[in-house]
Structure formats: C-alpha cells, structure tokens
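Enquirer: If you read the sequence shown in my numbering, its first letter stands for residue -1, the second for the next number, and so on.
C-beta: ideal position from N, C-alpha, C; glycine also.
On a predicted model such as this, the values are computed, not experimentally measured, just so you know.
Dropping a structure here in structure tokens format, bear with me for questions.
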Amino acid sequence: MVSNFWVEREGVWGWEFEWRRWRFAWEEDLLRDLREVLPTLVLTGMDDEWLWSLEDGGKFTVRSMYVFLESVFSPVSVFGDQELRVFSNIWKSSAPSKVIAFSWKLLRNRVPVLTNLVYRGIQVNGGSLACVHCQGREESVANLFLFCAAPNKKVRKGFALIWHVTVWMIWRSRNNIIFSRGSKDLVKVIDDIKLLSWCLH
C-alpha cells in the first residue's frame, strides 16, 4: 500500500520507497520528479476519485489515450496522408477487436516475429532467426506476411476468394434491387460477404 511508504523517522514524516528490482535510468528521472511533486500535495478529508484529464467528462477512453500516445511517441508523423487514412480506417472495421489490434500492430511492425523479439533481447526458437515456415530468410514482418512462399500461397488464394465473394455479393445485391425490388441494405451485403467467405474457407 502507498501508506506503507509514508514513514516517521525521529519525529519527521517523509516518503521512503522500497523497490523489488533495480530501477532503469529513465525511472530515476520519474522518481526525482515524483519526490519534487509530493511535498506540494495537500491532502483533504474528501474521498478520492479517478478523473481522466484527457477527456472533458473525466472518463477514460482508449481513443484519447491513443491520440495522446501518438503525440508523445510520434510527434512528427512519418506517414503520408494515404498511410494515415489506412490507420484511421483500421479501427472502423467490423472484424473482431483482437484481429483489428493485430492488424494495427502489423502495420506498425510491432508483431512479435523473431527479428522483433531478438531486437528486444528475447531469444526464442533456439536463437534461430530463420522463418519457421520456410527456414529461408530471417522471420521479419515483411518476410512472414509478404515474401515467405509457404503461407503466402494460401494468403493469395484467400484474398482472391474474398475478392470474388465481395464482387459476387455486390452483383447479387444490385440484381436483387433491380429485379426483385429488394432493399438497399449494405449491412446485409457485408454480412453475406462475411458468411460466404467463412463457409468457403
């Protein structure tokens, strides 16, 4: 508990922090800042409550955190307008959230492929960087998802399947509207595309 760190020594109260591990250099800077701020705080008898300062209503949202982190870690965008449009559209997909999050990480080169793990000091696969599918090139995002022949042969077939299903469902919807007085129901078209794609796959 935080109160355990507020201790009295010879009649003087002060903060004494205990750590379970050695601190990194950047954590030392944060600790120094914390020690400067703590004496300025005035405690009251009121109940504490959480407020999220990045939103007007004080409620936390993932979007506000994402925008904040983007501004901190990418103050100058390395992406052009087209790339930024792709990133903003990723989150509007009807795919499951874990699939969308994976796609976002993939485009940011944050997927834990072997080269990324080694870069972060993590050894797996016996220390080998060879692609687990083809044992050829190093397993990187580019190799695994673009150049490795083994999975990408199936991926290309999958993309072709999705494209065929999509154009077929758009055509069927169009004909249904013209010849059967069907409704313009884009949600149904998308649901039919997803359903047929899953059935054929």
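I need the straight-line Cα distance from Val97 to Val65, nearest angstrom please.
Expert: Val97 and Val65: Cα-Cα distance of roughly 20 Å.
Enquirer: How far does the alpha helix (DSSP H) with Arg61 in it reach, from first residue to last?
Expert: Segment Val60 to Phe71, the alpha helix (DSSP H) holding Arg61.
Enquirer: What does Ala128 pair with, by DSSP beta-bridge criteria?
Expert: Answer is Glu136.
Enquirer: State yes or no: is the C-beta of Ser62 within less than 8 Å of the C-beta of Trp48?
Expert: Not in contact: Ser62 and Trp48 (Cβ atoms no closer than 8 Å).
Enquirer: Val153: buried (16+ other C-beta within 10 angstroms of its C-beta) or exposed?
Expert: Under this definition Val153 is an exposed residue.
Enquirer: In whole angstroms, what is the alpha-carbon distance linking Val70 and Leu82?
Expert: Approximately 17 Å, taken between the alpha carbons.
Enquirer: Going by DSSP in three states, Val111 sits in which element: helix, strand or coil?
Expert: Coil.
Enquirer: Apply the 10 Å Cβ neighbour rule to Glu8 and answer buried if 16 or more other Cβ atoms are within range, or exposed otherwise.
Expert: Classification for Glu8: exposed.
Enquirer: Given the structure, does Leu28 come close to the ligand HEM, in the sense that its CB is under 7 Å from one of the ligand's heavy atoms?
Expert: As far as ligands go, the structure on display features none, and thus does not contain the ligand HEM.
Enquirer: Is Gly156 helix, strand or coil by DSSP?
Expert: Note: Gly156 maps to helix in three-state DSSP.
Enquirer: Once DSSP output is grouped into helix, strand and coil, what is the label at Val40?
Expert: Coil.
Enquirer: For Val84, write down the residues that DSSP places opposite it in a beta bridge.
Expert: For Val84, which the question treats as bridged, DSSP gives no partner whatsoever.
Enquirer: How many Å lie between Ser181 and Ser95 at the Cα?
Expert: The alpha-carbon atoms of Ser181 and Ser95 are separated by roughly 29 Å.
Enquirer: Buried or exposed for Met44, going by 16 or more other Cβ atoms inside 10 Å?
Expert: Exposed is the call here.
Enquirer: Count the C-beta pairs between the stretch 139 to 155 and the stretch 95 to 115 that are closer than 8 Å, then say yes if the count reaches three, no if not.
Expert: Taking 8 Å as the limit for Cβ pairs, the verdict is that the stretch 95 to 115 does touch the stretch 139 to 155.
Enquirer: Let me know the secondary structure DSSP gives Arg7 once reduced to three states.
Expert: DSSP places Arg7 in strand when its eight states are reduced to three.
Enquirer: Does DSSP put Trp20 in a helix, in a strand, or in coil?
Expert: If DSSP states are grouped into helix, strand and coil, Trp20 belongs with coil.
Enquirer: Starting from the Cα of Trp169, find the closest Cα among Lys151, Ile188, Phe157 and Val0 and give me that residue.
Expert: Checking every option, the nearest Cα to that of Trp169 belongs to Ile188.
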